[in-house]
Amino acid sequence: MGTIITLTTDFGLSDGYIAAVKGVILSINPRVTIIDITHQIPPQNINQAAFVLNAAYKYFPPQTIHLVVVDPGVGTKRRAIILKTPRFYFVAPDNGLLSYVIHNYSSSTEISSKLEAVAITNPKYWLNPVSRTFHGRDIFAPVSAHLSLSVPMKEFGETISSVTILPLAEIRTETDGSIIGQVIHIDGFGNLVTNIKEADLPPGKLVVTIGNRRIPGLSPNYAQGEKLMALIGSSGYLEIAVREGSAASYLNTAIGSEVKVKINTHERD
Amino acid sequence: MGTIITLTTDFGLSDGYIAAVKGVILSINPRVTIIDITHQIPPQNINQAAFVLNAAYKYFPPQTIHLVVVDPGVGTKRRAIILKTPRFYFVAPDNGLLSYVIHNYSSSTEISSKLEAVAITNPKYWLNPVSRTFHGRDIFAPVSAHLSLSVPMKEFGETISSVTILPLAEIRTETDGSIIGQVIHIDGFGNLVTNIKEADLPPGKLVVTIGNRRIPGLSPNYAQGEKLMALIGSSGYLEIAVREGSAASYLNTAIGSEVKVKINTHERD
Amino acid sequence: MGTIITLTTDFGLSDGYIAAVKGVILSINPRVTIIDITHQIPPQNINQAAFVLNAAYKYFPPQTIHLVVVDPGVGTKRRAIILKTPRFYFVAPDNGLLSYVIHNYSSSTEISSKLEAVAITNPKYWLNPVSRTFHGRDIFAPVSAHLSLSVPMKEFGETISSVTILPLAEIRTETDGSIIGQVIHIDGFGNLVTNIKEADLPPGKLVVTIGNRRIPGLSPNYAQGEKLMALIGSSGYLEIAVREGSAASYLNTAIGSEVKVKINTHERD
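Residue numbers (numbering that gives the first Met the number 0), protein chains in the order written: chain U, 0 to 268; chain E, 0 to 268; chain Z, 0 to 268.
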């Protein structure tokens with residue numbers, strides 16, 4: 000009772016796909032609460048899904064089951080997995096979707112002692128028949144629903160010791176102490192989210208550079224900076240934003256653009 | 000308890016319309032679970048709504064109430080109906096939205112022995128006053144909510160013996176055994192869903208033709224075909240897809256385009 | 000039990016922001032029902048959010064908590080408030096989002112005797128730490144969740160006697176009895192919603208003018224008018240619509256366009 004299943008997919012909202020997933024879940028466990036994280040992941044964009052999941056999953060109650068389906072390899076031999084962390088369950092194809100989650104516990108593809116994972120291989124908990132193109136509905140949905148009914152994790156398949164992790168974009172530190180990172184997400188407001196965390200920043204006055212734009216200092220929030228500003232966003236990452244506008248449009252920036260943070264030795268502000 | 004009402008509309012997500020519908024339902028039955036199928040049906044597109052509903056409705060638990068409102072005739076004399084199938088209830092304007100559902104039981108507009116239908120005429124279960132432009136909120140929502148509280152179907156109005164059915168696109172078979180169908184839906188991935196079912200396909204090696212493109216054989220899934228592929232999609236219909244891309248963009252295809260499946264007598268693959 | 004929290008924001012559906020808000024709420028009160036009004040408010044558009052909220056909020060059951068976050072001033076000294084009306088609670092930044100709600104009870108910025116308001120100042124009910132950029136997640140969500148658990152309103156902060164109200168577009172009456180109003184909302188169908196209410200209309204035959212277009216009489220519904228029509232929409236405002244089309248596209252009209260209603264003395268229809 001009270002269990003929650005969240006959904007993160009690239010299914011969009013125009014078709015009946017996500018409703019079929021919800022129908023399957025509710026047919027097995029009518030008492031579960033289903034919450035959408037998003038269904039607007041660009042088709043097949045595993046990186047984006049991994050990022051968005053990471054920004055949201057931690058805020059849910061313990062024992063929440065996070066179902067994540069961006070699955071270009073559906074119907075091939077790619078594995079399907081359940082991952083258990085100290086607080087949550089994740090059900091997903093094993094294609095890197097859980098990279099950030101695992102990175103929060105381990106720096107390798109090995110499952111650390113805080114985690115457990117199984118490969119989903121037991122058809123007892125699947126729809127019958129299983130289509131070759133929609134495992135979200137036919138495998139991931141019923142597995143998540145049975146998991147929400149407290150079926151033990153090992154019922155779904157054998158324990159595995161490593162999972163697929165995407166090479167996450169790393170920051171690097173220059174000899175002068177500057178940090179080089181990149182834009183890893185552009186949110187719906189057009190804010191450019193980088194992979195540079197607050198804890199990565201050197202102490203003292205900073206200057207942030209993107210393309211040929213130079214942004215001195217960090218703004219405390221989106222309202223008080225200059226038109227173009229840098230600040231620490233709500234997930235703890237350095238962001239570049241435009242006051243009441245879109246930094247992505249203003250700078251014409253794409254994911255992957257380099258962002259540099261250096262210590263500001265020439266100015267006081 | 001545990002009853003579900005699903006919603007399929009063309010109301011979009013930017014206005015408060017669908018929220019008003021949900022508020023009305025919850026004011027009458029606060030314990031019902033409301034699930035969106037989609038609100039992104041193109042305005043007034045009854046065909047599209049009928050198709051999307053058909054792809055999703057079967058996956059819900061028995062007794063689920065499917066509320067469907069795409070209603071260009073709101074405020075005119077078009078009827079409002081409740082349809083009961085062996086597993087589900089449907090509440091909708093009588094304008095063809097339930098064509099696929101009824102077609103699953105009957106090949107005519109007559110209600111078959113497995114179905115029951117009433118015209119919604121009893122204002123006791125409507126909001127008061129009823130607007131002339133928003134029966135989704137003022138009639139369909141309260142009727143669905145009262146139905147979820149086990150008000151008997153005949154309380155809402157008199158039994159009717161036939162309902163409006165759209166002329167669904169039919170396939171035809173050529174003298175050489177080829178099947179001619181058409182694209183009836185383009186999903187959010189750009190996959191072209193045809194009206195040709197797996198069971199309609201002739202046995203043996205096939206070749207699918209759309210426009211001037213010739214696609215030999217069926218792919219088992221979206222990952223393993225050639226760039227342009229044909230396959231059986233998750234609802235059991237023949238689909239044309241592009242690997243990690245949009246077939247609709249790639250072929251510049253619209254709904255209604257002809258698709259031909261013939262027996263491949265010239266090649267082996 | 001049975002409490003509902005509705006959400007109206009400009010967060011969009013592509014990121015994990017709204018899911019984080021829901022996760023925080025469900026972590027505090029797992030039994031609450033969360034209903035989306037919309038998350039598609041254009042970024043920072045307080046007027047639009049105030050309008051959409053007003054079209055939907057009344058349809059929810061008594062004691063529903065309406066959480067509204069369009070918050071360009073997040074992190075500045077703008078207040079956060081809880082407003083209580085005879086039927087509902089509202090939790091929002093104090094930036095005009097509740098203008099229509101308050102206008103339904105009072106014509107000034109003073110809280111009328113039917114309303115109560117507090118400034119949200121007690122960090123006991125907030126997440127800890129609070130980010131400087133996402134009070135939706137860190138303050139408004141937990142405050143709403145605690146409110147749904149019957150924490151008394153005054154626990155959250157001190158009573159206040161006035162709140163911020165936007166200057167709502169007013170209609171004016173000409174000496175000949177004509178009414179001049181404006182387009183205040185364009186809905187997802189492209190219908191132009193004006194600020195002229197049914198009760199504002201002069202009696203008798205009317206003619207509605209927008210730009211250089213003249214529309215004689217009111218249509219009873221969207222189906223029976225001429226291609227271009229005027230009618231009373233579902234919220235009781237005069238609307239301009241196109242039959243099975245978008246009036247916004249057809250007339251190339253923007254929010255703010257003037258609309259005139261005069262008594263039709265030259266024609267009979």
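Cβ atoms here follow ideal geometry from the backbone N, Cα and C, with glycine treated the same way.
Bear in mind the structure is a predicted one, so any value in this text is a computation, not a measurement.
- So, residue 152 of chain E versus residue 100 of chain E, is the Cβ gap smaller than 9 Å? no
- Answer yes or no: does any C-beta atom of chain Z fall closer than 9 Å to that of residue 12 of chain U? yes
- Item | Near-chain Z residues of the segment 211–226 of chain U - C-beta to any C-beta below 8 Å | 219, 220, 221, 222 and 223
- Task: State yes or no: is the beta carbon of residue 25 of chain U nearer than 9 Å to at least one beta carbon in chain E?
- Result: yes
- Contact under 9 Å by Cβ, residue 252 of chain Z with residue 210 of chain Z: yes
- Message: Between U/264, U/83 and U/47, which has its C-alpha nearest residue 203 of chain U's C-alpha?
- Response: U/264
- Item | residue 259 of chain E: first and last residue of the uninterrupted beta strand (DSSP E) it sits in | 257–262
- Message: Counting only C-beta atoms, is residue 163 of chain Z closer than 9 Å to chain U at any point?
- Response: no
- Where does residue 106 of chain U land, buried or exposed, given buried means 16+ other C-beta within 10 angstroms? exposed
- Message: Strictly under 9 Å for the Cβ-Cβ distance: is residue 15 of chain Z near chain E by that measure?
- Response: no
- Query: Does the beta carbon of residue 36 of chain E come closer than 9 Å to any beta carbon on chain U?
  - Reply: yes
- Item | Local conformation of residue 268 of chain E per DSSP, three classes | Because residue 268 of chain E sits at a pLDDT of 43, beneath the cut-off of 50, its placement in the model cannot be relied upon, and the following sentence gives the value as read from the coordinates. If DSSP states are grouped into helix, strand and coil, residue 268 of chain E belongs with coil.
- Message: Buried or exposed, going by whether 16 or more other CB atoms sit within 10 Å of the CB of residue 21 of chain Z?
- Response: buried
- Query: According to DSSP, which residues form a beta bridge with residue 35 of chain Z?
  - Reply: Z/6
- Nearest residue (CA-CA) to residue 41 of chain U, options E/227, E/31, E/39 and E/189: E/189
- Have a look at residue 230 of chain Z and residue 218 of chain Z and give me their C-alpha separation to the nearest angstrom. 5 Å
- Does the segment 21–38 of chain U touch the segment 11–21 of chain Z, meaning 3 or more C-beta pairs lie closer than 8 Å? yes
- Message: So, at 7 Å on beta carbons, what are the nonlocal neighbours of residue 177 of chain U in its own chain, with the 5 sequence-adjacent residues on each side left out?
- Response: 259, 260 and 261
- Between residue 60 of chain U and residue 166 of chain Z, is the Cβ-Cβ spacing less than 9 Å? no
- Item | Residues that residue 270 of chain E contacts on chain Z, provided the C-beta gap is smaller than 7 Å | Residue 270 of chain E lies beyond the stretch modelled for chain E, which goes from 0 to 268, so this question has no answer here.
- Query: Based on the DSSP output, what are the partners of residue 66 of chain E in its beta bridges?
  - Reply: E/6 and E/90
- Would you mind working out which of Z/48, Z/74, Z/87 and Z/115 sits nearest residue 58 of chain Z, comparing C-alpha positions? Z/87
- Message: Please state the DSSP three-state secondary structure of residue 41 of chain Z.
- Response: coil
- Item | Beta-carbon neighbours of residue 74 of chain E, restricted to chain Z and to distances below 8 Å | 219, 220, 221, 222 and 223
- Query: In chain order, what residues of the same chain lie with their CB nearer than 6 Å to the CB of residue 53 of chain E, ignoring the 5 residues before and after it?
  - Reply: 99
- Residues in its own chain within less than 8 Å of residue 109 of chain E by CB, not counting five upstream and five downstream? 160 and 161
- Query: For the 8 Å Cβ check, are there 3 or more pairs between the segment 132–144 of chain Z and the segment 66–85 of chain Z?
  - Reply: yes
- Can you pull the DSSP bridge partners for residue 181 of chain U? U/257
- Query: For the candidate residues E/85, E/75, E/77 and E/45, whose alpha-carbon lies nearest to that of residue 64 of chain E?
  - Reply: E/85
- Task: Starting from residue 3 of chain Z, find everything on chain E with Cβ-Cβ shorter than 7 Å and list it in chain order.
- Result: 25
- Item | Cβ neighbours of residue 180 of chain U in the same chain (closer than 6 Å, five flanking residues each side left out) | 170, 193, 194, 195 and 258
- Bridge partners of residue 228 of chain Z, per DSSP? Z/240
- Within chain E, partners of residue 186 of chain Z - CB distance below 7 Å: 14
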